[in-house]
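Some notes on the structure that comes next.
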Amino acid sequence: TGYALTPYTENKVLKDTINPTYLGCSVDDTGLVVSLNFSEPISIDNLVPSAVKRPDKITMVYTSPFTTKSNYKLSKDKKSILLDLTGIAPADQNVAIEVTLYGIVDLANNPTNPYPLVASIYTNTTGATQAELVNAYRNGNSLVAAFNKSIQAPGYAIVNGSFLSGEVNKTNKKEVIYHINDTSLLNCKTGLNVVFYNYSTYNAGATSTTAQRTVNFGSGASLPTITNSSFTTKKVNSITSNVLTLTFNQTVTLLERTGQITGRSTLDGIVGANTKYQYTAEAVDNTVTLTLTGSFTELATYTFSIPDSFVMDAYYNYNAGLSVTAAKLAGETSVLPGPRSIQIAGTANQHIYVTFDNMLDQSTAENKDNYNISGITIQSAQLVCNTYNCPAIVKLTVVQNSIIDNAPYVVKISGLRGYKSTYTTMEPYENMIILSNNQTLEPATVTAVKDTITLAFPTPLISGTPTNIDYAIAANGTAVTVKSVNVNGSTVTITLTKELTAGQSLLLKPSQSNYLIDVNNKKLLNMPLSVIVS
Numbered sequence: 017t018g019y020a021l022t023p024y025t026e027n028k029v030l031k032d033t034i035n036p037t038y039l040g041c042s043v044d045d046t047g048l049v050v051s052l053n054f055s056e057p058i059s060i061d062n063l064v065p066s067a068v069k070r071p072d073k074i075t076m077v078y079t080s081p082f083t084t085k086s087n088y089k090l091s092k093d094k095k096s097i098l099l100d101l102t103g104i105a106p107a108d109q110n111v112a113i114e115v116t117l118y119g120i121v122d123l124a125n126n127p128t129n130p131y132p133l134v135a136s137i138y139t140n141t142t143g144a145t146q147a148e149l150v151n152a153y154r155n156g157n158s159l160v161a162a163f164n165k166s167i168q169a170p171g172y173a174i175v176n177g178s179f180l181s182g183e184v185n186k187t188n189k190k191e192v193i194y195h196i197n198d199t200s201l202l203n204c205k206t207g208l209n210v211v212f213y214n215y216s217t218y219n220a221g222a223t224s225t226t227a228q229r230t231v232n233f234g235s236g237a238s239l240p241t242i243t244n245s246s247f248t249t250k251k252v253n254s255i256t257s258n259v260l261t262l263t264f265n266q267t268v269t270l271l272e273r274t275g276q277i278t279g280r281s282t283l284d285g286i287v288g289a290n291t292k293y294q295y296t297a298e299a300v301d302n303t304v305t306l307t308l309t310g311s312f313t314e315l316a317t318y319t320f321s322i323p324d325s326f327v328m329d330a331y332y333n334y335n336a337g338l339s340v341t342a343a344k345l346a347g348e349t350s351v352l353p354g355p356r357s358i359q360i361a362g363t364a365n366q367h368i369y370v371t372f373d374n375m376l377d378q379s380t381a382e383n384k385d386n387y388n389i390s391g392i393t394i395q396s397a398q399l400v401c402n403t404y405n406c407p408a409i410v411k412l413t414v415v416q417n418s419i420i421d422n423a424p425y426v427v428k429i430s431g432l433r434g435y436k437s438t439y440t441t442m443e444p445y446e447n448m449i450i451l452s453n454n455q456t457l458e459p460a461t462v463t464a465v466k467d468t469i470t471l472a473f474p475t476p477l478i479s480g481t482p483t484n485i486d487y488a489i490a491a492n493g494t495a496v497t498v499k500s501v502n503v504n505g506s507t508v509t510i511t512l513t514k515e516l517t518a519g520q521s522l523l524l525k526p527s528q529s530n531y532l533i534d535v536n537n538k539k540l541l542n543m544p545l546s547v548i549v550s
């Protein structure tokens, strides 16, 4: 009709009130592993099984497989309870058994309906038809036979007169893996006739007759490869450790639980030297965790060399050597410490520099509403320095001449977080400061010639204690070593251990302990400095 809709707003609280429904039980190919199936994901944290009985009133031989809580396992999708009954007496197989289950709820804490749940459970070990061979192929160091049913007895394979013993794949019971040790078979690139015999599915009675296939031994291998990696700091019982986590494309086992790998760091374009790190490793399914010893730099990117034959898959195939790259991230974090110093600058007292010892989250650091100076309007907040091993500096801009010399101001800062979650939100900071007493000192010029870097300041400097000139210096991204530092008049001279080439780019990064003051009590603003070698 052309009329605009009337704005409508209503707050609703959505809540799941539907009870999980028991759909019955099913059994796997063994006939003794039962799945109790439900209509939705459930929790069995508070499960209590009780009142086990046979409806035909015959006394059971023993009931512990049904009453032991640890025997009830959730499936991966949490919609089934898996109950392993391989230990029940033959007299109690293939008959209905009732068990009363308390404590089953869905993820919204709704209990089963009815509650408690009386579940009728059955097993099925009656005679079954024999498994059929579906496919046979070579996978690197193994011959693989795929069947249409789960296999209980893996049997053997005969290839060119060699007998290969089989084992059932732990993650896929319809596969049998035959390890190839014969060198001639490993080097074979043609098709060979293979005879499989003495394999059997569950409950099939006698083992099978033979099955034959021609297998191409020249086919390739599916090697275990790394699909994902992460490098974090973890804290357990107040003990901090550095953990490299590797995710593989399949389930793997470790060849050695301890050893060493080589790694190198990259930070701000500077590549560190190759370093050997000792490790202790653990493998669970397709995930390998390495706890490394040594010193690591948070937020640096590390490249580790994973050696050949580090892990093996279920088919006896080993990984090829490769490199993984991961950023070093903090795990459990602490609260961001407050600012170290607050300094005023500018020809009209229009800039205030807030210095932190730790890198900052940019979005919270540049939110001007996170800063308050009594009676002063803050126009903007800019994160002007934020690199590793260097103080982080926020530049606040206020109206020119709005700050009066030698007057105290209450400074409040809140809401700031650490860079990439290295620190959680800082506690609200509040302090009364005479800003004019904290004016900044900055070099007027920076020059570099051969092995000498010169910082020229507009005013005479204080030499000796508490002066501490401490810069990390890199030339074209490569660290260079400082030989000596001298403070004389209004000049700081830094001498390097080697001469540099004209045109090289120098970066001087101040440490948190870098300190310099002039005769007017102005303190150095710890900003990184850059210069081109003349």
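Residue numbering for the sequence shown follows my numbering, beginning at 17 and increasing consecutively. Glycine included, every Cβ here is placed at the ideal spot set by N, Cα and C.
Residue from the options whose Cα sits closest to the Cα of residue i
i, options, result
"Val400", "Thr413, Gly143, Asn388, Leu271", "Thr413"
"Lys89", "Ile74, Thr79, Pro57", "Pro57"
"Val13", "Thr83, Asp32, Arg70, Asp100", "Because the chain here runs from 17 to 550, residue 13 falls outside it and cannot be looked at."
"Leu595", "Thr303, Asn214, Asn290", "Past the edges of the chain, shown from 17 to 550, lies residue 595, and the structure says nothing about it."
"Gln146", "Ala161, Asn219, Lys251", "Asn219"
"Glu443", "Ser452, Leu451, Lys428", "Lys428"
"Asp44", "Tyr138, Leu30, Ile60", "Tyr138"
"Asn504", "Thr513, Phe473, Val498", "Phe473"
"Ser325", "Ile255, Ile242, Phe312", "Ile242"
"Ser181", "Tyr215, Tyr293, Thr291", "Tyr215"
"Ala105", "Ser80, Leu98, Lys94, Ile277", "Ser80"
"Asn388", "Glu446, Ala124, Asn402, Thr371", "Glu446"
"Ser235", "Leu523, Leu201, Ala289, Ser430", "Leu201"
"Ile277", "Leu283, Gly288, Lys292", "Lys292"
"Met187", "Cys204, Ala162, Asn176, Ala173", "The sequence given here has Thr at residue 187, not Met. Taking only the C-alpha atoms, the option nearest Thr187 is Ala162."
"Ser430", "Thr403, Tyr487, Val370, Ile420", "Val370"
Buried versus exposed, by CB contacts within 10 Å (16 or more), residue i
i, result
"Gln455", "buried"
"Ile489", "buried"
"Met375", "buried"
"Ile510", "buried"
"Met448", "exposed"
"Pro240", "buried"
"Val150", "exposed"
"Val426", "exposed"
"Thr206", "exposed"
"Glu515", "exposed"
"Val508", "buried"
"Ala408", "buried"
"Ser178", "exposed"
"Val300", "exposed"
"Asp329", "buried"
"Glu26", "exposed"
CB of residue i within 7 Å of CB of residue j, strictly
i, j, result
"Ser246", "Val340", "no"
"Val259", "Thr305", "yes"
"Asn140", "Gly221", "no"
"Leu432", "Thr380", "yes"
"Val297", "Arg273", "Here residue 297 is Ala; the residue named in the question, Val, does not match the sequence. Yes, the Cβ-Cβ distance between Ala297 and Arg273 is below 7 Å."
"Ala107", "Pro71", "no"
"Ala518", "Val496", "no"
"Arg229", "Val252", "no"
"Gly119", "Asn53", "no"
"Asn164", "Glu148", "yes"
"Lys499", "Thr513", "yes"
"Lys344", "Glu314", "yes"
Interface flag, residue i vs chain D, CB-CB below 7 Å
i, result
"Pro23", "In the structure shown, chain D cannot be found, because there is only a single protein chain."
Check: Are at least three pairs of beta-carbons, each pair with one atom in the segment 479-494 and one in the segment 519-538, less than 8 Å apart?
Finding: Under the three-pair Cβ rule at 8 Å, the segment 479-494 counts as touching the segment 519-538.
Checklist line | Completely contained alpha helix (DSSP H) runs for the segment 144-205, where each covers 4 or more residues | finding: List check, alpha helix (DSSP H) in window: 199-202.
Checklist line | Unbroken stretches of the beta strand (DSSP E), 3 residues or longer, contained in the segment 298-356 | finding: Runs found: 303-308, 317-322, 327-329, 338-345.
Note to self: Restricting to runs no shorter than 4 residues, where is the alpha helix (DSSP H) found entirely within the segment 370-418?
What the structure shows: If we require 4 residues or more, the alpha helix (DSSP H) runs fully inside the segment 370-418 come out as 378-381.
Checklist line | Runs of alpha helix (DSSP H) lying entirely within the segment 225-251, each at least 4 residues, in chain order | finding: Complete alpha helix (DSSP H) runs here, min 4: none at all.
Next item on the list: Starting from the N-terminal side, write out each stretch of the beta strand (DSSP E) that is 3 residues or longer and does not extend beyond the segment 82-155.
Entry: Taking only runs of at least 3 residues, the beta strand (DSSP E) segments lying wholly in the segment 82-155 are 88-90, 96-100, 113-118, 133-137, 149-155.
Check: Can you find at least 3 beta carbon pairs, one from the segment 165-178 and one from the segment 130-142, that sit closer than 8 Å?
Finding: Taking 8 Å as the limit for Cβ pairs, the verdict is that the segment 130-142 does not touch the segment 165-178.
Note to self: Could you check whether the segment 364-379 touches the segment 261-270, counting it as contact only if at least three pairs of C-beta atoms, one from each stretch, sit closer than 8 Å?
What the structure shows: No, because fewer than three Cβ pairs between the segment 364-379 and the segment 261-270 fall closer than 8 Å, the two stretches do not touch.
Note to self: Closer than 8 Å is the cut-off here; do at least three beta carbon pairs connect the segment 351-362 with the segment 317-335?
What the structure shows: By the Cβ rule, the segment 351-362 does not count as touching the segment 317-335, because fewer than three pairs are nearer than 8 Å.
Notebook entry, point to check: Taking three-plus beta-carbon pairs below 8 Å as touching, is the segment 464-473 in contact with the segment 436-448?
Noted result: At 8 Å Cβ cutoff, the stretches do not touch.
Item checked: Segments of 3+ residues assigned as beta strand (DSSP E) that fall wholly inside the segment 497-536 -> Runs of the beta strand (DSSP E) inside the segment 497-536: 498-504, 507-512, 521-526.
Item checked: At least three beta-carbon pairs within less than 8 Å, the segment 28-36 to the segment 74-87 -> Result no; under three Cβ-Cβ pairs closer than 8 Å.
Note to self: With a threshold of 8 Å, are at least 3 pairs of Cβ atoms found where one atom belongs to the segment 145-165 and the other to the segment 191-205?
What the structure shows: Segments in contact, yes.
Margin query: Quick check on the DSSP output: what are the complete beta strand (DSSP E) runs of length 3 or more inside the segment 471-495, in order along the chain?
Written below: The segment 471-495 contains these whole beta strand (DSSP E) runs: 487-491.
Next item on the list: Check whether the segment 391-410 touches the segment 321-337, counting contact only when three or more Cβ pairs, one atom from each stretch, lie closer than 8 Å.
Entry: Touching, no, given that fewer than three Cβ pairs across the two stretches are closer than 8 Å.
Item checked: beta strand (DSSP E) segments (min. 3 residues) lying fully within the segment 18-75 -> List check, beta strand (DSSP E) in window: 38-43, 49-54, 64-69.
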